[in-house]
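Let me begin by presenting the structure, written as structure tokens, before commenting on it.
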Amino acid sequence: MTSRFLFVAIGIVVLGTTMKVPAAETEQKLPNIVVIYTDDIGYADVGCYGAAGVNTPHIDRLATEGLRFTDAHCSAATCTPSRFALLTGSYAFRQKGTGVLSGDAAMIIRPGTATMPSLLKSVGYTTAVVGKWHLGLGNGKNNWNGRLEPGPEAIGFDYHFLIPATGDRVPCVYVEDNYVVGADPSDPIYTSYGKPIGDDPTGKDHPELLKQRWSHGHNATIINGISRIGFMQGGNRARWVDEEMADTITEKAVQFIKQHRQQPFFLYFCTHDIHVPRVPHQRFQGISSMGFRGDAIAQLDWCVGKLLETLDELEVADNTLVLFTSDNGPVLDDGYHDLANERIGRHHPAGPFRGGKYSPFEGGTRVPLIVRWPGHVPTGDESSALVGQIDFARSLAQLVGADVPDDAVRDSRNQLDALLGRDPVGRPHLIHEAGTLALRQAHWKYIPPCKPRDGLGPWQPTEIAAPGALFDLRNDPGEQLNLAMQHPQQLRDMADLLARLRADADQ
Ligand code: NG6
Ligand code: CA
């Protein structure tokens, strides 16, 4: 079935078939796959989705050469559960402890779990993750001075170069193939998310030492003039410089592509941009009209440009499927005074949608998704299919002919036709996780009674009262008009469906 699909629909040839094909065709390889996973990029934060105040020529180029989705979603409105769902094909709410993790958390994807990288690896891909991880490392009692295990290698990645958690959480060091880069036995690294440790000044006690002040949280150890969440001691030579982070991870990603140009490769490239602290390289500071948040978008675009340039130079762009998307919706003040609110101007990070990061409204999970694969995906086109990152794992497994074990990627569906622009409808329903669970079904949106985050921060308390909210996104993309009273049956049906999906019952 899988090989037939490959022959008929795509026309690439799987090695090992007995069919007679011309020599040139047998040399064709499975496509390389590059997932560019951005952090906190909202629906309209890039040019081809309507950004004002910053230019993103390279991301726009992807859209010109590929397919741009207008109803694509990450699985959650924060990072850790979205990344968990992307890699495992299982909704994160099914496993306890999959909320936003601290920097010293144990790895939450169990070693040996079938994941997007392990499925690709099973058919011969060389796999790498470069950039933000935020899925925990080791067993939770980490010795940052020794081997950190288990890590990404336990779930199918051949190579890793990581920002272990987030830019705003200690330890502020890179981890490459299970070891802290630049670790020095004479200056051992310790972290604490409880009691203060070490002699480094904190943002709480020494705000005068800060180059970017904290607004909420983020007042512990100062590293590179910025105070973080959590305390860190030692590792002075290993500490990253925020301004160099985009260059560092892009260089590692480029190296990986260059080294593996002859094999099919899978690169999961997770940018730090545009998460806080937003401290772009000096060459990007002031490039946008929106302060460091806009400048970080320009820096992100540069990273994308570097990867595309590398694929072009190596002449592998035509045989590379690129997916560009984000882990959750946008946020302005996420804990530092970086003028994100003050300089926003005419820019609407979530476009026409309500809410953003942390929110069950559409702005929380509706994110850019651009798919480019020359010759296989329409160019310069748009799709309004309802698609979710939850489906990437099974869809990509289908694309490459990987066998998916029975109990693996349980919430992931084969949506390859939608992702490649052949099916304009996509999923019948999709869950959003944002503290509460919300449900999309075609153009309907149901949010159960809850106290949701609304807006882009700072947030005001708000409440969705019983029996919950029902919106018709066809006429009301901004989720302003609650139709719970007009369509009680639709609301009840969706509440029931959500309960069944949550219980993983047939639907
Ligand atoms: C929050 C942090 C926020 C950000 C977020 C995780 C505070 C006050 N806020 O707890 O700054 O780090 O966690 O973001 O500490 S995410 O994109 O990785 O999910
Ligand atoms: Ca994020």
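Just so you know, we're using my numbering here: the sequence shown kicks off at 11 and counts up by one. Note that the Cβ used here is the ideal one computed from N, Cα and C, for glycine as well.
Practice prompt. Could you tell me whether any non-hydrogen atom of ligand 1 is closer than 7 Å to the CB of H144?
Written response: In the sequence shown, residue 144 corresponds to position 134, counting from 1. Yes; taking the cut-off as 7 Å, the Cβ of H144 has a heavy atom of ligand 1 nearer than that.
Practice prompt. Note down, one range per segment and in chain order, each beta strand (DSSP E) of at least 3 residues found wholly within the segment 209-245.
Written response: 241-243
Practice prompt. Report all residues from its chain with a CB closer than 6 Å to the CB of P388; omit the five preceding and five following residues, and keep chain order.
Written response: Taking the sequence shown and counting its residues from 1, the one referred to as residue 388 is at position 378. So the qualifying residues of the chain are L77 and G431.
Worksheet entry | Residue from A475, P462, T66 and G245 whose Cα sits closest to the Cα of V3 | What is shown of the chain runs 11 to 517, which leaves residue 3 out entirely.
Discussion item. Considering only heavy atoms of ligand 1, does any lie closer than 7 Å to the CB of I239?
Written reply: Here residue 239 is taken as the residue at index 229 of the sequence shown, counted from 1. Answer for I239: yes, Cβ within range of ligand 1.
Practice prompt. Would you kindly report the start and end of the unbroken beta strand (DSSP E) that includes C313?
Written response: As a working note, residue 313 is residue 303 in the sequence shown. No beta strand (DSSP E) contains C313, which is instead part of the alpha helix (DSSP H) from G301 to E323.
Item to complete: Confirm, please, whether the CB-CB distance from L449 to G398 is below 8 Å.
Response: Indexing the sequence shown from 1 puts residue 398 at position 388. Indexing the sequence shown from 1 puts residue 449 at position 439. Against a cut-off of 8 Å, the Cβ pair of L449 and G398 comes out as no contact.
Practice prompt. Look at the alpha carbon of G478 and the alpha carbon of A263, and state the distance between them as a whole number of angstroms.
Written response: Indexing the sequence shown from 1 puts residue 478 at position 468. Indexing the sequence shown from 1 puts residue 263 at position 253. Distance between the alpha carbons of G478 and A263: 45 Å.
Discussion item. Given this structure, state the Cα-to-Cα distance separating L501 from A95, to the nearest angstrom.
Written reply: Residue 501 sits at position 491 when you count from the first residue of the sequence shown. Residue 95 sits at position 85 when you count from the first residue of the sequence shown. Taking the straight line joining both Cα atoms gives about 26 Å.
Practice prompt. Check whether the Cβ of V286 sits closer than 7 Å to any heavy atom of ligand 4, and report yes or no.
Written response: For ligand 4, the structure offers nothing, since it holds only ligand 1 and ligand 2.
Worksheet item: So P378 and P359 are in contact, right, with Cβ under 8 Å, and what is the actual spacing, rounded?
Response: Taking the sequence shown and counting its residues from 1, the one referred to as residue 378 is at position 368. Taking the sequence shown and counting its residues from 1, the one referred to as residue 359 is at position 349. About 11 Å; that fails the 8 Å criterion.
Discussion item. Could you compute how far the alpha carbon of L331 sits from the alpha carbon of I43?
Written reply: To locate residue 331, count along the sequence shown from 1; it is residue 321. To locate residue 43, count along the sequence shown from 1; it is residue 33. Whole-angstrom Cα-Cα distance: 5 Å.
Fill in: Limits of the alpha helix (DSSP H) - the one that V191 falls within
Your numbering for residue 191 matches position 181 in the sequence shown. From DSSP, V191 is part of no alpha helix (DSSP H); its letter is neither H nor E.
Worksheet item: Just to confirm, are V314 and I51 a CB contact at a threshold of 8 Å?
Response: Numbered from its first residue, the sequence shown carries residue 314 at position 304. Numbered from its first residue, the sequence shown carries residue 51 at position 41. Cβ atoms of V314 and I51: not closer than 8 Å.
Discussion item. On the DSSP bridge list, what partners appear for I43?
Written reply: By 1-based counting over the sequence shown, the position of residue 43 is 33. For I43, which the question treats as bridged, DSSP gives the partners F276 and L331.
Practice prompt. Could you pull the start and end residues of the beta strand (DSSP E) that V381 belongs to?
Written response: Numbered from 1 along the sequence shown, position 371 holds the residue referred to as residue 381. Start and end: L379 to R382.
Discussion item. Less than 8 Å between the beta carbons of G374 and G366, yes or no?
Written reply: One-based indexing of the sequence shown puts residue 374 at position 364. One-based indexing of the sequence shown puts residue 366 at position 356. Yes, Cβ-Cβ distance for G374 and G366 is below 8 Å.
Discussion item. I'd like to check one pair, F171 with E186: are the Cβ atoms closer than 8 Å?
Written reply: Taking the first residue of the sequence shown as 1, we reach residue 186 at position 176. Taking the first residue of the sequence shown as 1, we reach residue 171 at position 161. Cβ atoms of E186 and F171: closer than 8 Å.
Discussion item. I'd like to confirm the pairing. Which residues does DSSP put opposite S422 in its beta bridges?
Written reply: The sequence position of residue 422 within the sequence shown is 412, counting from 1. Paired residue(s): none; S422 is not in a bridge.
Worksheet item: Which first and last residues belong to the beta strand (DSSP E) in which R482 is found?
Response: Walking along the sequence shown from the start, residue 482 turns up at place 472. Here residue 482 is Asp; the residue named in the question, Arg, does not match the sequence. From DSSP, the beta strand (DSSP E) with D482 extends over A479 to D482.
Practice prompt. Helix, strand or coil for I173, going by three-state DSSP, please let me know.
Written response: Residue 173 sits at position 163 when you count from the first residue of the sequence shown. I173: strand per DSSP, three-state reduction.
Practice prompt. Would you kindly report the start and end of the unbroken alpha helix (DSSP H) that includes V264?
Written response: Taking the sequence shown and counting its residues from 1, one reaches residue 264 at position 254. Its alpha helix (DSSP H) spans residues M255 to Q269.
Worksheet item: When you compare each of D344, G304, S299 and A248 to V286 by their alpha carbons, which one comes out closest?
Response: What you label residue 286 is simply residue 276 of the sequence shown in a count that begins at 1. Comparing Cα positions, the closest option is D344.
Discussion item. For G296, count the other beta carbons within 10 Å of its own beta carbon; 16 or more makes it buried, fewer makes it exposed. Which is it?
Written reply: Taking the sequence shown and counting its residues from 1, one reaches residue 296 at position 286. Label assigned to G296: exposed.
Practice prompt. Would you check if the distance between the CB atom of H282 and the CB atom of G109 is smaller than 8 Å?
Written response: Here residue 282 is taken as the residue at index 272 of the sequence shown, counted from 1. Here residue 109 is taken as the residue at index 99 of the sequence shown, counted from 1. No, Cβ-Cβ distance for H282 and G109 is not below 8 Å.
Worksheet item: What are the start and end residues of the beta strand (DSSP E) that includes I441?
Response: Indexing the sequence shown from 1 puts residue 441 at position 431. Unbroken beta strand (DSSP E) run through I441: H439 to A444.
Worksheet item: Apart from the five residues just before and just after R512, which ones in its own chain have a Cβ nearer than 7 Å to its Cβ?
Response: Against the sequence shown, residue 512 aligns to sequence position 502. Within the same chain, R512 has close Cβ partners L447.
Worksheet item: Taking the Cβ atom as the reference point for each residue, do F276 and V140 lie within a distance shorter than 8 Å?
Response: Along the sequence shown, one-based indexing puts residue 276 at 266. Along the sequence shown, one-based indexing puts residue 140 at 130. Contact: no.
Item to complete: Would you check if there are 3 or more beta carbon pairs closer than 8 Å linking the segment 112-122 to the segment 467-474?
Response: no
Discussion item. Please report the straight-line C-alpha distance between H228 and L342, rounded to a whole angstrom.
Written reply: Counted from its first residue, the sequence shown places residue 228 at position 218. Counted from its first residue, the sequence shown places residue 342 at position 332. Spanning the two alpha carbons is a distance of roughly 15 Å.
Discussion item. Please return the same chain residues whose Cβ sits closer than 6 Å to the Cβ of G63, not counting the five positions on each side in sequence.
Written reply: As a first step, residue 63 is located in the sequence shown; it is residue number 53 there, counting from the start. Counting only Cβ-Cβ distances below 6 Å, and skipping sequence neighbours, we find S298, S299, M300, G304, G355 and H357.
Fill in: Buried or exposed by the 16-neighbour rule on C-beta atoms within 10 Å, applied to R484
Counting from 1 along the sequence shown, the entry for residue 484 is found at position 474. By the neighbour-count rule (16 or more Cβ atoms within 10 Å), R484 is not buried but exposed.
Worksheet item: Hey, how far is the Cα of K268 from the Cα of T320?
Response: The count along the sequence shown starts at 1 and reaches residue 268 at position 258. The count along the sequence shown starts at 1 and reaches residue 320 at position 310. Cα-Cα distance, rounded: 8 Å.
Worksheet item: Taking 7 Å as the cut-off, does the CB of T74 come closer than this to any heavy atom belonging to ligand 2?
Response: Counting from 1 along the sequence shown, the entry for residue 74 is found at position 64. For ligand 2, not one heavy atom lies less than 7 Å from the Cβ of T74.
Worksheet entry | Spatial distance of G361 from R120 (CA atoms) | Counted from its first residue, the sequence shown places residue 361 at position 351. Counted from its first residue, the sequence shown places residue 120 at position 110. Cα-Cα distance, rounded: 37 Å.
Worksheet item: From which residue to which residue does the beta strand (DSSP E) around S393 run?
Response: As a working mapping, residue 393 is identified with position 383 in the sequence shown. Start and end: D391 to S393.
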